[in-house]
Amino acid sequence: MGFLELVEKRESCRSFLRDPVERGKIERCLEAARLAPSACNGQPWRFVVVESEPLKSTLAERAFSGIHKMNAFAKEAPVLVAVVTLPTRAAATFAGLFRRFSYPLIDIGIACEHFVLQAAEEGLGTCWLGWFDDKPVGNLIGLGFREKVHVLLAVGYGKDKRPAAKMRKPLREMSEYR
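Per my numbering, the very first residue in the sequence shown carries number 3; after that it's consecutive.
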């Protein structure tokens with residue numbers, strides 16, 4: 003499959019089968035994330051794969067309850083990946099302060115996209131989740147000082163195997179040449 007075909011195939015999955023995900027598939031997704039570029043090669047991430055019970059169910063219940071219940075569908079996923087943002091190198095930190103944005107967040111975005119594209123290649127469904135209760139997630143996985151979970155990835159086999167048509171802006175509307 004070519005790259006554009008892979009990108010067309012990848013979509014957010016919100017309905018998962020309970021089937022376990024083979025460790026080899028998860029490890030290839032992690033390897034794709036590991037190879038992602040980052041500012042100053044800081045690699046400010048750690049991917050915590052949560053698949054064992056009762057930890058996975060406890061984490062999902064605490065992450066997706068209350069005001070975060072709109073993402074309760076993720077409780078069905080057999081794997082949740084907590085993407086931990088780590089402190090980065092001084093050069094990237096100072097550049098981010100100067101430019102007023104976070105290079106580590108850009109970096110984990112790139113690494114997560116590598117992960118989910120590899121997952122699509124493996125026949126897995128994924129969903130990026132940014133709306134969850136991060137405090138209990140951090141407590142359950144044992145975050146260190148200055149570490150934060152900014153993203154959870156729900157991973158598993160999707161119930162619906164047919165990708166939906168993508169509704170995107172036309173190319174002319176989202177790009178320009180000068």
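For glycine and all other residues, C-beta sits at the position ideal for the given N, C-alpha and C.
For Lys-150, same chain residues with a beta-carbon under 8 Å away, outside a window of 5 residues either side, are Val-86, Thr-87, Asp-136, Gly-140 in chain order. Contact between the segment 118-134 and the segment 28-36 is present: 3 or more CB-CB pairs across the two stretches fall below 8 Å. Membership of Arg-48 in the beta strand (DSSP E) is indicated by the continuous run 47-52.
Between the C-alpha atoms of Val-157 and Cys-114 there is a straight-line separation of about 12 Å. Taken in chain order, the complete beta strand (DSSP E) segments of 3 residues or longer contained in the segment 148-172 are 150-158. Rounded to whole angstroms, Leu-8 and Ser-177 show a C-alpha spacing of 21 Å. Here Asp-109 is buried, its C-beta having at least 16 other C-beta atoms within 10 Å.
Inside the segment 18-100, DSSP marks whole beta strand (DSSP E) runs of 3 or more residues at positions 47-52, 81-87, from first to last along the chain.
For Glu-10 and Pro-22, the gap between their C-alpha atoms comes out near 25 Å. Under the DSSP assignment, Gly-140 falls in the alpha helix (DSSP H) whose first and last residues are 136-143. In the three-state scheme derived from DSSP, where H, G and I count as helix and E and B as strand, Leu-107 is classed as helix.
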